[in-house]
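Peer 1: Residues in the sequence shown are numbered consecutively from 697, following my numbering. Here a beta-carbon is modelled for each residue, glycine too, at the ideal position from N, C-alpha and C. Below you'll find the structure I mean.
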Amino acid sequence: MKALAITALALTAVFVTPTYAQDQPADNMQILMEKLKADKKLLVAENMQLTESEAKAFWPIYESYQKDLEKINQRLGKVINDYAANYQSMSGDVADKLSSEYIAIEVDRTKLMQAYQPKLKKALPAKKVARYLQLENKIRAVLNFQLAANIPLVK
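Structure representation (structure tokens):
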């Protein structure tokens, strides 16, 4: 689980520090994102204990899920950046817009898991599907904790 914390901390650094991405060359950010993806995949691989046939069926589903999840995470990053840009002078309208988008992101994240569960069930035994969903949830929980610890409440 140490790798889980490291991955989540690095993701948090990317999301919580909006100016970081602007200050770093695109190549450095791409390298960081590729490293994070590799670390997460390694964490999943170490914990899933897949047979060869399960792995053959699971990894394409995993990759597809991660691509779809990345789109959702990019939306979250935009909300965080918008929040940071408006933090000092947050209007009610901006707060409402950001709150609505955050809720929509969470709904879409849940819908994404619901859409992938049947695919996972075709590829893996139920206990391994549950394990994978737990891993995704644990990664998300660490990330959410770090975001909550670093994003101040609306003034």
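Buried or exposed: Glu766, going by 16 or more other Cβ atoms within 10 Å of its Cβ?
Peer 2: Stepping through the sequence shown from its first residue, residue 766 is reached at position 70. With fewer than 16 other Cβ atoms within 10 Å, it is exposed.
Peer 1: Go through the segment 754-805 residue by residue and report every complete run of the beta strand (DSSP E) that reaches 3 residues or more, in order.
Peer 2: List check, beta strand (DSSP E) in window: nothing returned.
Peer 1: Which word fits Val775, buried or exposed, when buried means at least 16 other C-beta atoms lie within 10 angstroms of its C-beta?
Peer 2: Residue mapping note: residue 775 aligns to position 79 of the sequence shown, counting from 1. Answer is buried; the Cβ neighbour count reaches 16.
Peer 1: Glu832: buried (16+ other C-beta within 10 angstroms of its C-beta) or exposed?
Peer 2: For this step, residue 832 is matched to residue 136 along the sequence shown. So Glu832 counts as buried.
Peer 1: Buried or exposed for Ile835, going by 16 or more other Cβ atoms inside 10 Å?
Peer 2: Against the sequence shown, residue 835 aligns to sequence position 139. Looking at its Cβ environment, which holds 16 or more other Cβ atoms inside 10 Å, Ile835 is buried.
Peer 1: For Ala717, does the three-state DSSP call read helix, strand or coil?
Peer 2: For the purposes of this step, residue 717 is identified with residue 21 of the sequence shown, where counting begins at 1. In this predicted model, Ala717 has a pLDDT of only 47, less than 50, meaning its place in the structure is not dependable; the value taken from the coordinates is given anyway. Residue state, collapsed to three classes: helix.
Peer 1: Could you check which residue in Gln770, Leu820, Ile847 has the C-alpha nearest to that of Thr747?
Peer 2: As a first step, residue 747 must be located in the sequence shown, where it is residue number 51. The shortest Cα separation from Thr747 among Gln770, Leu820, Ile847 belongs to Leu820.
Peer 1: What residue range does the alpha helix (DSSP H) around Val825 cover?
Peer 2: What you label residue 825 is simply residue 129 of the sequence shown in a count that begins at 1. Looking at the DSSP string, the run of the alpha helix (DSSP H) that includes Val825 is 822-846.
Peer 1: How should Lys818 be labelled, buried or exposed, when 16 other C-beta atoms within 10 angstroms of its C-beta is the threshold for buried?
Peer 2: Taking the first residue of the sequence shown as 1, we reach residue 818 at position 122. The residue in question, Lys818, is exposed, as its Cβ has fewer than 16 Cβ neighbours within 10 Å.
Peer 1: With H, G and I counted as helix, E and B as strand and the rest as coil, what does DSSP make of Lys851?
Peer 2: Locating residue 851 in the sequence shown gives position 155, where the first residue counts as 1. Lys851: coil per DSSP, three-state reduction.
Peer 1: Starting from the C-beta of Ala826, find all residues in its chain whose C-beta is less than 8 Å away, skip the five residues before and the five after it, and write them out in chain order.
Peer 2: By one-based count along the sequence shown, residue 826 stands at place 130. Counting only Cβ-Cβ distances below 8 Å, and skipping sequence neighbours, we find nothing.
Peer 1: Ordered along the chain, which non-local residues of its own chain (more than five positions away) have a Cβ less than 6 Å from that of Asn782?
Peer 2: Position 86 of the sequence shown, counted from the start, is the residue given in the question as residue 782. Only Val790 meet the Cβ criterion.
Peer 1: Compute the Euclidean distance between the alpha carbons of Lys851 and Ser749, then round it to the nearest angstrom.
Peer 2: Mapped onto the sequence shown, residue 851 falls at position 155. Mapped onto the sequence shown, residue 749 falls at position 53. Rounded to the nearest angstrom, the two C-alpha atoms are 53 Å apart.
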